[in-house]
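Here's the structure we're looking at; comments come further down.
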Amino acid sequence: MTDLENDLKIFSDHAEMDNEQEYGILTDNPVFIKLDSTGQEELKITGLKMELFKGGDKIVVTDSVNIEQKEANAKCGIAEFYRNENEIILKNDPYVWQKHDRLSGGVIHLFITENNKLAKTIIKEKAMVISRVDTTGIDTRENKLTGEQITMFFQDNELSEVVVEMKATSYYYVVEEDEDKGMNRIIGDKIIVQINNRKIVNIRIESSPQLSEGIFYPTGFEPDEKRKN
Numbered sequence: 307m308t309d310l311e312n313d314l315k316i317f318s319d320h321a322e323m324d325n326e327q328e329y330g331i332l333t334d335n336p337v338f339i340k341l342d343s344t345g346q347e348e349l350k351i352t353g354l355k356m357e358l359f360k361g362g363d364k365i366v367v368t369d370s371v372n373i374e375q376k377e378a379n380a381k382c383g384i385a386e387f388y389r390n391e392n393e394i395i396l397k398n399d400p401y402v403w404q405k406h407d408r409l410s411g412g413v414i415h416l417f418i419t420e421n422n423k424l425a426k427t428i429i430k431e432k433a434m435v436i437s438r439v440d441t442t443g444i445d446t447r448e449n450k451l452t453g454e455q456i457t458m459f460f461q462d463n464e465l466s467e468v469v470v471e472m473k474a475t476s477y478y479y480v481v482e483e484d485e486d487k488g489m490n491r492i493i494g495d496k497i498i499v500q501i502n503n504r505k506i507v508n509i510r511i512e513s514s515p516q517l518s519e520g521i522f523y524p525t526g527f528e529p530d531e532k533r534k535n
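Each residue of the sequence shown is one higher than the one before, starting from 307 at the first, in the numbering used here.
In structure tokens, the structure reads:
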């Protein structure tokens with residue numbers, strides 16, 4: 307199946323189509339591919355079974371799902387692609403690698419722009435984002451955000467803002483002029499992190515005073531729960 311208008315290709319070794327119901331099921335190595343404006347592969351989804359609803363407006367891939375995109379890769383048990391909304395929903399133990407970030411939670415929503423760039427990610431239910439402090443690979447330490455929902459905003463595929471809500475917790479290392487200062491732990495109802503060029507430029511907490519907390523740990527005195535991750 308090829309949809310040139312929407313730059314989509316779908317194929318497998320076995321397919322059954324019901325044109326009247328606008329439904330199809332593909333098994334035996336089903337593959338979903340979304341092309342960019344130049345005809346190059348931009349997004350690829352594979353799994354053990356693929357179902358098409360409403361003529362392909364909704365596509366559901368189940369079991370051993372693997373997603374490959376220029377800026378991110380993912381694995382999960384179920385992936386739902388909504389063509390008109392340019393949205394992918396990952397369920398059943400979803401896990402996403404986005405450049406230097408690792409994302410996990412109960413459900414992950416990926417929103418793609420019309421030119422196939424990642425615009426926004428929403429992680430729900432025990433959401434967690436782990437990011438490398440140093441993307442060169444020399445420093446293996448990691449910053450961590452956790453909450454019941456985490457929303458990540460991107461500009462030109464670069465992370466620009468992260469909003470953590472409900473039981474929001476942030477662990478991040480403070481580095482000034484290449485000198486380690488220590489680590490901050492922040493707890494609150496809502497944490498907003500602004501990022502520029504992979505560096506944290508501002509953190510804001512929105513919370514009732516009795517529900518917010520900020521603690522600074524000098525280098526070598528980080529809490530045990532952070533050292534374990």
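Think of the CB as a built atom: it goes at the ideal place given N, C-alpha and C, for glycine as much as any other residue.
- Around the CB of Asn422, 16 or more other CB atoms lie within 10 Å, so the residue is classed as buried.
- Residue Glu512 holds the alpha-carbon nearest to the alpha-carbon of Ile492 among Thr525, Glu485, Glu512, Phe338.
- Close CB contacts of Gly453 within its chain, under the 8 Å cut and outside five residues either way in sequence, are with Ala433, Val470, Glu471, Met472, Lys473, Ala474, Thr475, Ile497 (chain order).
- By the Cβ criterion, the stretch 398-406 is not in contact with the stretch 349-367, since fewer than three pairs of Cβ atoms, one from each stretch, lie closer than 8 Å.
- Remark: C-beta atoms of Leu314 and Arg408 do not approach each other more closely than 9 Å.
- Assigned with DSSP and collapsed to three states, Leu354 falls in coil, not helix or strand.
- Going by DSSP, Val470 is part of the beta strand (DSSP E) stretching over 464-482.
- Distance between Ile509 and Gln500, taken at the CA atoms: about 6 Å.
- If you check the CB distance, Gly488 and Thr525 come in under 9 Å.
- Spanning the alpha carbons of Ile414 and Glu326 requires a straight line of approximately 32 Å.
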